[in-house]
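Inspection log for the structure reproduced underneath, given as C-alpha cells.
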Amino acid sequence: MTTYVQFFDAGLAPEHDLLGGKCASLVSMTAAGMPVPPGFAVTTALYDAFLADAGIAADISRLLAGIDADDVTDVDAASAQIRDEICSRAIPEPLRTATRAAYDELMARCGGEVPVAVRSSATAEDLPGASFAGQQDTYLWLTGWDEVREHIRRCWASLYTSRAIIYRLRNDIPDEGLSIAVAVQKMVNARTSGVAMTLDPTNGDRSKIVIDASYGLGEMVVSGQVTPDNVSLDKVMLTVVGEHLGDKHAELVPDPASRALVEREVDAERRARRSLTDTELVAVATMAKRAEKHYGCPQDIEWAIDADLPDGENLLLLQSRPETVWSAKKAAAPASAARTGVGGIAGITSVLLAAAG
Numbered sequence: 028m029t030t031y032v033q034f035f036d037a038g039l040a041p042e043h044d045l046l047g048g049k050c051a052s053l054v055s056m057t058a059a060g061m062p063v064p065p066g067f068a069v070t071t072a073l074y075d076a077f078l079a080d081a082g083i084a085a086d087i088s089r090l091l092a093g094i095d096a097d098d099v100t101d102v103d104a105a106s107a108q109i110r111d112e113i114c115s116r117a118i119p120e121p122l123r124t125a126t127r128a129a130y131d132e133l134m135a136r137c138g139g140e141v142p143v144a145v146r147s148s149a150t151a152e153d154l155p156g157a158s159f160a161g162q163q164d165t166y167l168w169l170t171g172w173d174e175v176r177e178h179i180r181r182c183w184a185s186l187y188t189s190r191a192i193i194y195r196l197r198n199d200i201p202d203e204g205l206s207i208a209v210a211v212q213k214m215v216n217a218r219t220s221g222v223a224m225t226l227d228p229t230n231g232d233r234s235k236i237v238i239d240a241s242y243g244l245g246e247m248v249v250s251g252q253v254t255p256d257n258v259s260l261d262k263v264m265l266t267v268v269g270e271h272l273g274d275k276h277a278e279l280v281p282d283p284a285s286r287a288l289v290e291r292e293v294d295a296e297r298r299a300r301r302s303l304t305d306t307e308l309v310a311v312a313t314m315a316k317r318a319e320k321h322y323g324c325p326q327d328i329e330w331a332i333d334a335d336l337p338d339g340e341n342l343l344l345l346q347s348r349p350e351t352v353w354s355a356k357k358a359a360a361p362a363s364a365a366r367t368g369v370g371g372i373a374g375i376t377s378v379l380l381a382a383a384g
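Structure, rendered in C-alpha cells:
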C-alpha cells in the first residue's frame with residue numbers, strides 16, 4: 028500500500044500528521060492487541076494531494092481570511108462554498124485507484140462485501156486541552172464502493188462545516204497545516220454500545236471508571252438522543268459503586284430489507300433492565316483501563332458489543348481519545364467522590380455534549 032492508504036494492522040507507526048487523531052489511535056490500539064474492528068485509513072497525504080490537484084487550497088485560505096466567528100452569515104457562506112468545491116472537484120486517478128484497492132482488500136479480508144463505517148480523522152483531533160467530539164462527520168452502515176467513495180468526500184468536506192470553523196476560530200486553532208484522514212472500518216452489528224471514561228466526569232475522580240451504555244449503535248448515546256444506563260465502578264476492584272438505569276427508549280439498528288439503519292423502539296422489559304451484564308461491565312472497564320495504561324493518561328473510549336460474535340470475543344474498541352475536561356485539573360478527593368456518587372444521568376453523555384458544544 029502507498030502512503031495514500033494505511034491498514035490499521037500494517038505494523039507502521041501511528042503518525043498523527045499522516046493519520047489524524049482517530050486513525051492514529053486505531054493503529055496504536057491495534058498494535059497494542061486491543062480488539063479493534065479491521066479497517067484502513069485514507070491518509071492526509073491523499074487528501075492533501077487532492078487539494079493540490081484541485082487547486083482549492085488558495086480558495087480555502089481566501090474564504091477564511093479575517094472571518095469573524097460571530098458573523099454566522101459569513102461563516103455559513105464560506106463553509107458552503109468550501110464544501111461544495113471539495114465535493115465537486117475530480118479526484119485524480121492514482122488517488123481513486125489506491126483507495127479502491129484498499130477497499131477491495133478489506134472486503135476480501137472480511138470474506139465478501141460487508142457494511143462499513145466511514146469516519147473523519149482530523150489532524151486537530153485529540154489535542155491536549157481541546158475536545159473535537161462531534162466536530163467532523165461519521166457515516167454508518169455503508170455498502171458498496173460507490174457509497175464509500177462518496178462519503179469519504181463528505182468526511183473531507185466536514186472539516187469545513189460552520190460548526191467546525193467556528194470551533195477552531197474560538198479556540199485559536201489555525202487552519203494553516205490542517206488536514207484530515209478518513210477511517211474505513213468494518214461495521215459492528217452492535218447489540219449494546221456506549222462510552223466509558225477512566226475517571227468520573229462529574230468531579231474528576233480518577234479512582235472510578237464510569238460507563239454509559241444503551242442498546243444498538245452508540246451514536247444515540249453520544250448525541251444524547253437516549254438516556255443510557257450510567258454505571259460507576261471502582262477502578263481497582265471493578266465493583267459497581269453506583270448506577271442509574273436510563274430509559275433507553277430507542278435503539279439504532281440495521282434493517283436487513285433496506286440495508287440501512289433504522290430507529291426502533293425498545294420494549295418495556297429491556298428498558299427496565301440494565302443493558303450490560305455484570306461480566307460485560309467488567310470487560311468494558313478492563314478495556315478502558317488497558318487504554319489508559321497504554322496512553323498513560325485518562326481516556327474516553329467508545330465501545331460496542333457485536334451481536335454476531337460469541338460471548339467473550341464480542342467486545343470491540345471503536346475509539347480511544349484523551350479525556351480533556353478534567354485531565355489538567357486536580358482529581359477530586361475520594362471523600363468528595365463518595366458523596367457525589369455517579370452523578371446520575373448527568374454523567375459521561377452530558378460532559379461529552381458540553382465539550383462538543
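Numbering (the working numbering), first residue to last: 28 to 384.
From the three backbone atoms N, C-alpha and C, an ideal C-beta is built for every residue, glycine too.
Computed from a predicted model, the values in this text were never measured in an experiment.
Query: Does DSSP put R286 in a helix, a strand or coil?; Result: coil
Query: Measure how close the beta-carbons of I441 and V102 come, nearest whole angstrom, since I'm counting them as under 8 Å.; Result: This structure leaves residue 441 out entirely; the chain is present only between 28 and 384.
Query: The beta strand (DSSP E) spanning V268 covers which residue range?; Result: V267 to H271
Query: Report the rounded CA-to-CA distance for D294 versus D256, giving the unit in angstroms.; Result: 15 Å
Query: Round the Cβ separation of L226 and V258 to the nearest angstrom and send it over; I've been treating them as touching at under 8 Å.; Result: Not a contact, Cβ separation roughly 14 Å.
Query: For the candidate residues S52, Q108 and I118, whose alpha-carbon lies nearest to that of D80?; Result: I118
Query: Closest to E270 by CA distance: which of L260, A277, H276 and M264 is it?; Result: L260
Query: Provide the residue span of the beta strand (DSSP E) that contains L45, from first to last.; Result: Careful: L45 lies outside any beta strand (DSSP E), inside the alpha helix (DSSP H) at H43 to A58.
Query: So what does S147 bridge to, in DSSP terms?; Result: V209
Query: Does DSSP put S88 in a helix, a strand or coil?; Result: helix
Query: Taking 9 Å as the cut-off, decide whether the C-beta atoms of L345 and A208 are in contact.; Result: no
Query: Cutting at 6 Å between CB atoms, please list the residues of its own chain near M247, excluding the five before and the five after it.; Result: V253 and L279
Query: Are the stretch 332-348 and the stretch 55-65 in contact at 8 Å, needing three or more beta carbon pairs?; Result: yes
Query: Among P41, A128, I113 and L133, which one has its Cα closest to the Cα of D86?; Result: I113
Query: Given a cut-off of 9 Å, decide if L53 and G38 are closer than it, judged by their beta-carbon atoms.; Result: no
Query: Mind the definition here: the stretch 137-150 touches the stretch 213-220 only if three or more C-beta pairs lie below 8 Å; say whether that holds.; Result: yes
Query: Which residues mark the beginning and the end of the alpha helix (DSSP H) in which D173 is found?; Result: W172 to A184
Query: With a Cβ-Cβ cutoff of 9 Å, do D36 and T71 count as a contact?; Result: no
Query: If you check the beta carbons only, do L196 and I94 fall under 9 Å apart?; Result: yes
Query: Could you work out which residue in R301, S347, E296 and I332 is closest to R317 when comparing CA atoms only?; Result: S347
Query: With the cut-off set at 9 Å, would you say S220 and S241 are in Cβ contact?; Result: yes
Query: Strictly by DSSP, which residues pair up with L343?; Result: A331
Query: Given E174, which residues of its chain have a CB within under 7 Å of its CB, disregarding the five upstream and five downstream residues?; Result: none
Query: Spell out whether any CB of chain C is found under 9 Å from the CB atom of D294.; Result: Chain labels in this structure do not include chain C; a single protein chain is all it has.
Query: Taking only three categories from DSSP, how would you classify Y74?; Result: helix
Query: Buried or exposed: which applies to P325, given that a residue is buried once 16 or more other Cβ atoms fall within 10 Å of its Cβ?; Result: buried
Query: Are there 16 or more other CB atoms within 10 angstroms of the CB of P281, so buried, or fewer, so exposed?; Result: buried
Query: Could you pull the DSSP bridge partners for D80 from this structure?; Result: Answer by DSSP bridge pairing: none, since D80 is not bridged.
Query: Assuming L133 is part of the alpha helix (DSSP H), what are its boundary residues?; Result: E120 to R136
Query: DSSP state of S33, grouped into three classes?; Result: As written in the sequence, residue 33 is Gln, which differs from the Ser given in the question. Of the three classes helix, strand and coil, the one that applies to Q33 here is strand, per DSSP.
Query: When DSSP labels each residue in this structure, what does K235 get in the three-state scheme?; Result: strand
Query: Measuring straight from C-alpha to C-alpha, what distance separates E290 and G243?; Result: 9 Å
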